[in-house]
Amino acid sequence: MIFTNSDGGARGNPGPGAIGVIVRQDGEILTRFSKRIGNFVTNNIAEYEALIKALELASNYTNKELMCFLDSELVVKQLMGEYQVRNPKLMELFLKVQKLQEKFEKIIYKHVSREDRFQKIVDGLLNDELDKRE
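Written out as structure tokens, the structure reads:
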């Protein structure tokens with residue numbers, strides 16, 4: 176199975192934002208990705224943007240089962256239907272995720288702690304992006 180870890184963050188919330196993503200299999204990191212995504216971004220928007228990139232990258236490795244790890248409880252609960260998506264911008268990103276899900280037979284979303292070892296890697300990737308421009 177292919178696994179992703181994604182994280183998005185904004186300094187100032189809203190403020191400069193970036194994302195970090197890894198795609199992995201059997202404990203081996205297949206892909207690392209990070210990118211600055213804007214100057215006026217919220218944490219929640221950055222979390223969705225990171226997941227979207229994770230789904231895009233994971234589709235290069237599988238169209239079967241995928242497990243996505245995020246430290247955003249809000250995004251996971253929205254994707255699982257436990258929370259409504261009320262913000263129009265988040266709804267736009269939520270719908271983009273729904274469309275990308277069609278590329279896979281099955282996706283499992285899991286909330287993980289920021290202390291998870293792979294989550295620390297993606298957090299480092301996004302913070303490196305933000306540090307480059309300060």
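Residue numbers (this note's numbering): 176 to 309.
Note that beta-carbon positions come from the ideal geometry of N, C-alpha and C, so glycine has one too.
All values derive from a computational prediction rather than experimental measurement.
Within 8 Å, do at least three Cβ pairs link the segment 209-226 to the segment 192-200? yes
Please give me, in chain order, every unbroken run of the alpha helix (DSSP H) with length at least 4 that falls completely inside the segment 196-247. 218-233
Using the Cβ count rule (16 or more neighbours within 10 Å means buried), how would you classify I177? buried
If you draw a straight line from the alpha carbon of K271 to that of F244, how long is it in whole angstroms? 18 Å
Proximity of V198 and S209 at Cβ, strictly below 9 Å: No, the Cβ-Cβ distance between V198 and S209 is not below 9 Å.
Where does I227 land, buried or exposed, given buried means 16+ other C-beta within 10 angstroms? buried
Does the pairing of the segment 299-306 with the segment 254-261 give three or more beta-carbon distances under 8 Å? no
Would G184 pass as a contact of A221 if the rule is Cβ separation under 9 Å? yes
Where the beta strand (DSSP E) through G184 begins and ends: G184 -> beta strand (DSSP E) spans 177-185.
Neighbour-count burial assignment, Q273, 16 or more Cβ in a 10 Å radius: exposed
Please look up how many angstroms separate the CB atoms of F293 and N180, rounded, as I've assumed it's under 8 Å. Yes, they are in contact, since the Cβ atoms of F293 and N180 sit about 4 Å apart, within 8 Å.
Using a threshold of 9 Å, state whether the C-beta atoms of L265 and N218 are closer than that. no
Roughly how many angstroms separate the alpha carbons of Q200 and E240, rounded to a whole number? Cα atoms of Q200 and E240: separation of roughly 12 Å, rounded to the nearest angstrom.
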